[in-house]
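To convert, note that position 278 of the sequence shown is 278 in my numbering; the numbers rise steadily by one, no gaps. Quick reminder that beta carbons are idealized off the backbone N, C-alpha and C, glycines included. Please read all numbers here as calculations on a predicted model, not as lab measurements. A short write-up of the structure that comes next.
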Amino acid sequence: MRSGEPTGVDGPIHVVRTMDELQELSAGWSRLTDALPLTHLAGLFPMVRANAQYRRRDKGWTCYVALDDDGDLRHGLFGYRDTIRPGWISIPIFRVKTEHFACVLFVAGTRPSDLSRLLHTILEDQSDQPIIEFPRVEEATARLLKSAAQAAGLGCTSCREGEGDYFNTQRDMDDLDSDLGVKLRQNLRRRRRRFSGRHALEFQITHTRDREENLARLERYMDLEAAGWKGRMGTDLRSGEADYYRRLVLELADIGAVRWFTLQADGRTAAMYLCPVHGGTMWASKTAYNEEFAEYSPGNELLYRILTWARAEDRITRLHMITHQPWHAHWHPQVEQYHRVRVFRSSILGRLLHMGDTMKRRLVQPEKEGALAADAG
1 MRSGEPTGVD GPIHVVRTMD ELQELSAGWS RLTDALPLTH LAGLFPMVRA NAQYRRRDKG
61 WTCYVALDDD GDLRHGLFGY RDTIRPGWIS IPIFRVKTEH FACVLFVAGT RPSDLSRLLH
121 TILEDQSDQP IIEFPRVEEA TARLLKSAAQ AAGLGCTSCR EGEGDYFNTQ RDMDDLDSDL
181 GVKLRQNLRR RRRRFSGRHA LEFQITHTRD REENLARLER YMDLEAAGWK GRMGTDLRSG
241 EADYYRRLVL ELADIGAVRW FTLQADGRTA AMYLCPVHGG TMWASKTAYN EEFAEYSPGN
301 ELLYRILTWA RAEDRITRLH MITHQPWHAH WHPQVEQYHR VRVFRSSILG RLLHMGDTMK
361 RRLVQPEKEG ALAADAG
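Given below as structure tokens:
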């Protein structure tokens with residue numbers, strides 16, 4: 001573990017590149033995420049470790065953490081070396097990301113100057129990468145990153161990049177029902193009557209730290225997924241990322257952060273959800289259904305039962321769907337906007353790339369760029 005030069009009142013910034021060094025961060029990283037009011041799934045330490053061990057192991061991953069004078073972790077991010085290809089050229093970048101989102105952690109009250117140190121450390125360490133990219137960060141994080149880049153004298157661009165859907169499960173079920181709309185409520189009731197009239201339905205919730213039980217649930221889930229359209233397309237977990245998800249599920253199970261939801265029909269699995277939990281947020285990470293029961297929409301029935309269960313759980317305040325899929329619109333969830341932020345090195349190449357990206361943003365998405373640019377100065 002290599003340390004950068006400490007400046008100001010903060011302690012050093014550590015540069016981590018090996019699994020052994022990463023493991024040393026486990027306790028401090030987890031303390032930080034547990035202290036934050038909202039932490040994205042992408043920032044949980046099991047996600048970081050599983051990405052380093054499997055998903056990004058050949059990508060030149062690096063983890064950067066800033067400590068305070070007492071040695072407590074204040075900021076942390078995980079990223080890897082990658083490229084972007086605007087047209088026929090290939091540009092190297094350092095992409096801050098685990099799964100779906102940028103992994104950026106910082107304590108409450110973090111100042112732009114605090115993150116400026118981190119940006120400078122990354123650019124110094126990644127000396128041949130002219131760009132740091134933060135894909136899919138929330139608006140507040142995007143604003144802080146832009147201010148940090150400005151304080152560091154670095155070029156920066158931002159644009160909108162996708163949305164995420166979530167349900168506020170603290171609301172009454174009557175309110176949630178009313179949001180679904182008449183047509184969806186009618187379809188759910190009609191198919192539920194037909195489904196329960198022809199099959200014995202059972203709603204199962206599994207929450208345990210037992211490793212064998214969690215792995216058994218995962219294997220059942222992967223069998224279900226492989227038997228459906230994902231298996232036919234070769235995009236199911238067993239076809240590509242079985243080891244990654246086995247490690248991730250085990251890591252999450254060790255901290256009691258896994259919920260499995262299953263809808264059984266006559267003792268057969270009709271639909272499943274894998275839902276990691278952290279703080280008050282439950283993440284609908286993976287879902288699959290048995291196509292033999294497709295006429296009953298078992299996935300929709302299971303989602304409705306999960307929402308009903310979550311509403312009664314005081315500790316669960318949000319069910320986050322992570323992505324923004326077209327079918328989510330029928331459920332009328334709340335929508336979270338995400339942004340992509342790029343920070344450019346103060347070099348000739350970095351300045352040219354900054355100018356080019358700025359012009360592209362102004363030509364393609366002028367109104368979207370302006371939403372954050374107003375607060376950057």
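Smallest Cα separation from residue i: which of the options?
i: Arg268; options: Gly256, Asp254, Tyr221, Thr281; result: Tyr221
i: Ile91; options: Leu363, Arg362, Arg361, Phe344; result: Phe344
i: Tyr244; options: His339, Asn51, Ala140; result: Asn51
i: Cys156; options: Arg85, Met321, Phe134; result: Phe134
i: Leu224; options: Glu313, Leu118, Phe293; result: Phe293
i: Ser239; options: Gln204, Ala227, Arg247; result: Ala227
i: Glu163; options: Ser346, Leu363, Thr323, Thr358; result: Thr323
i: Asp82; options: Asp72, Val65, Leu67, Arg56; result: Arg56
i: Ala66; options: Asp174, Phe261, Phe45, Val107; result: Val107
i: Asp314; options: Met282, Arg342, Pro326; result: Met282
i: Tyr296; options: Gly231, Gln186, Asp72, Thr110; result: Gln186
i: Leu25; options: Gly71, Phe203, His100; result: Gly71
i: Gln395; options: Pro86, Leu201, Ser147, Ser30; result: Because the chain here runs from 1 to 377, residue 395 falls outside it and cannot be looked at.
i: Arg136; options: Gly280, Glu161, Thr206; result: Glu161
i: Ile255; options: Leu36, Thr262, Gly11, Pro46; result: Pro46
i: Arg117; options: Pro86, Asn214, Pro12, Thr33; result: Pro12
i: Phe195; options: Leu176, Val258, Ala270, Gly87; result: Ala270
i: Leu44; options: Leu115, Val249, Asp174; result: Val249
i: Arg85; options: Asp175, Met359, Leu353; result: Leu353
i: Glu291; options: Gly231, Pro326, Arg361; result: Gly231
i: Tyr64; options: Ile93, Gly87, Asp58, Trp29; result: Trp29
i: Ile132; options: Gly87, Phe78, Gly109, His100; result: Phe78
Pull up the distance between the alpha-carbon of residue i and that of residue j, whole angstroms please.
i: Gln126; j: Asp20; result: 21 Å
i: Ala373; j: Leu184; result: Only weak support exists for where Ala373 lies, its pLDDT of 44 falling under 50; the coordinates are left without a value.
i: Asp128; j: Tyr304; result: 49 Å
i: Pro6; j: Ile89; result: Residue placement at Pro6 is poorly supported in this model, since its pLDDT is 38, which falls under 50; the coordinates still yield a value, given next. The straight-line gap from Cα to Cα measures roughly 37 Å.
i: Arg17; j: Trp61; result: 7 Å
i: Gly76; j: Gln23; result: 14 Å
i: Tyr171; j: Ser178; result: The sequence as given places Arg at residue 171; Tyr does not occur at that position. So the two alpha carbons sit approximately 11 Å from each other.
i: Glu378; j: Arg192; result: Residue coverage of the chain in this structure runs from 1 to 377, which leaves residue 378 outside it and unanswerable.
i: Leu252; j: Ala102; result: 19 Å
i: Arg111; j: Ala242; result: 40 Å
i: Trp229; j: Thr235; result: 9 Å
i: Gln150; j: Ala140; result: 16 Å
i: Phe203; j: Arg143; result: 43 Å
i: Ile348; j: His120; result: 16 Å
i: Ser147; j: Leu154; result: 10 Å
i: Thr169; j: Ala42; result: 21 Å
i: Leu180; j: His332; result: 6 Å
i: Gly197; j: Arg95; result: 51 Å
i: Tyr289; j: Glu138; result: 31 Å
i: Ala284; j: Arg49; result: 20 Å
i: Leu188; j: His207; result: 27 Å
i: Val9; j: Ser113; result: The predicted model places Val9 with a pLDDT of 40, which falls under 50 and marks its position as unreliable; any figure quoted below should be read in that light. Their Cα atoms are separated by approximately 11 Å.
i: Ala371; j: Ala152; result: Bear in mind that the predicted position of Ala371 carries a pLDDT of just 47, short of 50, making it unreliable; the figure below should be weighed with that in mind. One C-alpha to the other measures close to 21 Å.
i: Leu115; j: Arg211; result: 38 Å
i: Met359; j: Arg190; result: 53 Å
i: Leu73; j: Asp174; result: 43 Å
If you count every other CB in all the chains shown that lies within 10 Å of the CB of residue i, and 16 or more means buried, which is it?
i: Met272; result: buried
i: His14; result: buried
i: Met355; result: exposed
i: Val182; result: exposed
i: Asp68; result: exposed
i: Met321; result: buried
i: Leu123; result: buried
i: Ala27; result: exposed
i: Met233; result: exposed
i: Asp357; result: buried
i: Pro130; result: buried
i: Ile205; result: exposed
i: Ala35; result: exposed
i: Leu363; result: exposed
So, residue i versus residue j, is the Cβ gap smaller than 8 Å?
i: His339; j: Cys159; result: yes
i: Tyr166; j: Gln334; result: yes
i: Arg247; j: Tyr80; result: no
i: Leu319; j: Ala310; result: yes
i: Val308; j: Gly299; result: Note that residue 308 is Thr in the sequence shown, not Val. In this structure, Gly299 does not lie closer than 8 Å to Thr308 by Cβ.
i: Thr98; j: His278; result: no
i: Val341; j: Leu145; result: yes
i: Arg209; j: Trp260; result: no
i: Gly280; j: Ile316; result: yes
i: Asp266; j: His199; result: yes
Using a Cβ-Cβ distance under 8 Å, would residue i count as near chain C?
i: Ala288; result: Annotation note: the requested chain C is absent from the structure, which comprises a single protein chain.
Can you list, in chain order, the stretches of the alpha helix (DSSP H) that have 4 or more residues and sit fully within the stretch 208-256?
Segments of the alpha helix (DSSP H) lying fully in the stretch 208-256: 211-226, 229-233, 237-240, 242-254.
For the stretch 51-127, list the alpha helix (DSSP H) runs that are entirely contained and at least 4 residues long, ordered along the chain.
Runs of the alpha helix (DSSP H) inside the stretch 51-127: 112-125.
With a floor of 3 residues, list each beta strand (DSSP E) that falls wholly inside the stretch 170-206, ordered by position along the chain.
Whole beta strand (DSSP E) segments, 3+ residues: 201-206.
Ordered list of alpha helix (DSSP H) runs contained in the stretch 281-353, each at least 4 residues:
Contiguous alpha helix (DSSP H) elements confined to the stretch 281-353 occur at 298-311, taking only those with 4 or more residues.
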